[in-house]
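Novice: With mature numbering (1 follows the signal peptide of the UniProt record, and there is no 0) applied, the sequence shown corresponds to residues -24 to -1, 1 to 319, in that order.
Structure provided below as structure tokens; questions to follow.
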Amino acid sequence: MDFKRKSCILAAFFLVYVSRKACCVQGANSNGKKSPYDAAITHYDMLSPSPSGNERAFCQARGACQGKTLVCPDQCKVRKPVKNKKKKGCFIDCSSKCEVTCKFRRPNCEGYGSLCYDPRFVGGDGVMFYFHGAKGGNFAIVSDDNLQINAHFIGTRPKGRTRDFTWVQALSIMFDTHTLVIAAKRVSKWDDNFDALTVKWDGQTVDGVPTDGDAEWRTNGGDREVVVERTDDTNTVRVQVANLVELNIKVRPIGKEENRAHNYQLPENDAFAHLETQFRFFNLTDLVEGVLGKTYRPDYVSPVKIGVPMPMMGGEDKYQTPSLYSPLCYVCRFHPQSGTATT
């Protein structure tokens, strides 16, 4: 019995010794420098910017990235910084990934989950396709158990055409009992200094997303935090709905040269301001639906013709909803909880 007790006491002393030794090793650098045992992802020193102004970091952690200098790419620069917003242009990852990603992401119209132009999608499977919808129509972009995103289309039909030219003017994000709407205002003449972006929360217009301080508007939608963060002084935001979706959105017009090149024949008193968007989804089910949503199914095979200039995706009849705020369509899966805003 005494032998067992002595063994336990010795084991306890050993564990205490090992624990203190580890603490001493990790805290050995009393001069403020990071220890080699710090997490690799954050173990780096910031260097002076490159001649072109790009941020640089020197990785120090042991592993594949040790001794490498990571440089923030040009597309991560905020060319017109949000007022008083002091944030890095990049996230640095000195783990085995050895990569930098933009802190202020803009919609990448060539990237997965993008919705741009008239309108062109890149699905979760990486396949590009067009979905015309209809001028004045509303369509379910994503419909899942806990989330629905509808898009409102604007457009025009020049004389002699058999179908509309269309663009996405507004997005409605429905979840739990809430509805968040991001939309582009109608603008007769485009001005980059004019903020053409509007936000509505549960039917009420948000009185301007701040352009100073943290430059964000946030609220708690039940258990989910919702954040609309400016990534430029005007017309560019990142939207986050916790554990559901992240959107990078830019409002842009149809320019004169673009109008001429595509023969849109737009009226002179309407710039046709619309949204360019890139989505990032979290926790989608395997049965997710919607024009874009279904491309995230694990067994999805795209029906569009690969290699043609404009591969078309049909299904307007399946995805059309009665309004921007309606969760109803032929294949929609979302069932709103009682109290969801519908205006």
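Where is the CB? At the ideal position from N, CA and C, for every residue including glycine.
Here the structure is a predicted model, which is why all the values come from computation and not from measurement.
Consult DSSP for residue 99 and reduce its assignment to one of helix, strand or coil.
Specialist: coil
Novice: Less than 6 Å between C-beta atoms, sequence neighbours within five positions excluded: which residues of the same chain meet that for residue 133?
Specialist: 140
Novice: Could you tell me the alpha carbon to alpha carbon distance between residue 206 and residue 237, rounded to whole angstroms?
Specialist: 32 Å
Novice: On a CA-only basis, which of 87, 150, 164 and 136 is nearest residue 117? Give me that one, please.
Specialist: 150
Novice: Identify whether residue 92 lies in helix, strand or coil by the three-state DSSP scheme.
Specialist: Three-state DSSP puts residue 92 in a strand.
Novice: Could you give the distance in angstroms between the alpha-carbon of residue 255 and the alpha-carbon of residue 25?
Specialist: 31 Å
Novice: For residue 242, I'd like the list of residues in its chain whose CB is within less than 8 Å of its CB, leaving aside the five on either flank, ordered along the chain.
Specialist: Only 132, 230, 235 and 248 meet the Cβ criterion.
Novice: In angstroms, rounded to a whole number, what distance separates the CA positions of residue 221 and residue 22?
Specialist: Cα to Cα, the separation comes out at about 31 Å.
Novice: Got a sec? Which residues, its chain only, sit under 6 Å from residue 260 by beta carbon, not counting five neighbours each side?
Specialist: Residues 120 and 272 of the same chain have their beta carbon placed closer than 6 Å to that of residue 260, with the five preceding and five following residues left out of the count.
Novice: DSSP on residue 30, reduced to helix/strand/coil?
Specialist: coil
Novice: Considering only C-alpha positions, which residue in the set 69, 85, 76 and 103 is nearest to residue 283?
Specialist: 103
Novice: Which parts of the stretch 241 to 279 are runs of the beta strand (DSSP E), unbroken and 3 residues or longer, counting only runs that do not cross its ends?
Specialist: 250 to 257
Novice: What did DSSP end up calling residue 293 once you bin it into helix, strand or coil?
Specialist: helix
Novice: Buried or exposed: residue 308, going by 16 or more other Cβ atoms within 10 Å of its Cβ?
Specialist: buried
Novice: Here's a check: name, in chain order, each residue in its chain whose Cβ is nearer than 6 Å to the Cβ of residue 266, leaving out the five neighbours to either side.
Specialist: 116, 117, 118 and 119
Novice: Check this for me: beta carbons of residue 99 and residue 292, under 9 Å apart or not?
Specialist: no
Novice: According to the Cβ coordinates, are residue 286 and residue 106 closer than 9 Å?
Specialist: yes
Novice: What residue range is occupied by the uninterrupted beta strand (DSSP E) comprising residue 154?
Specialist: Run containing residue 154: 154 to 160, per the beta strand (DSSP E) assignment.
Novice: Measure the alpha-carbon distance for residue 191 versus residue 281 and round it to whole angstroms.
Specialist: 43 Å
Novice: According to the neighbour-count rule (16 or more other Cβ atoms, all chains shown, within 10 Å of its Cβ), is residue 301 buried or exposed?
Specialist: buried
Novice: Give the straight-line distance between the Cα atoms of residue 233 and residue 239, rounded to the nearest whole angstrom.
Specialist: Distance from the CA atom of residue 233 to the CA atom of residue 239, rounded to whole angstroms, is 10 Å.
Novice: Among 310, 93 and 217, which residue has its Cα nearest to the Cα of residue 226?
Specialist: The candidate whose alpha carbon is nearest that of residue 226 is 93.
Novice: Pick from 298, 138 and 161: whose alpha carbon is nearest that of residue 146?
Specialist: Nearest to residue 146 by C-alpha distance, out of 298, 138 and 161, is 161.
Novice: Please go through the same chain and pick out, in chain order, the residues whose beta-carbon is closer than 7 Å to the beta-carbon of residue 213, but skip the five residues on each side of it.
Specialist: Excluding positions up to five away in sequence, the list reads 173, 185, 204, 205, 206, 207 and 225.
Novice: By Cβ distance, which residues of its chain are closer than 6 Å to residue 288, with the 5 residues on each side in sequence left out?
Specialist: Excluding five sequence positions before and after residue 288, the CB atoms of its chain that fall closer than 6 Å to its own CB belong to 106, given in chain order.
Novice: What is the DSSP secondary structure of residue 108, reduced to helix, strand or coil?
Specialist: coil
Novice: Pick helix, strand or coil for residue 1, following the three-state DSSP scheme.
Specialist: Its pLDDT being 35, under 50, residue 1 is placed unreliably in this model, and the coordinates cannot settle the point.
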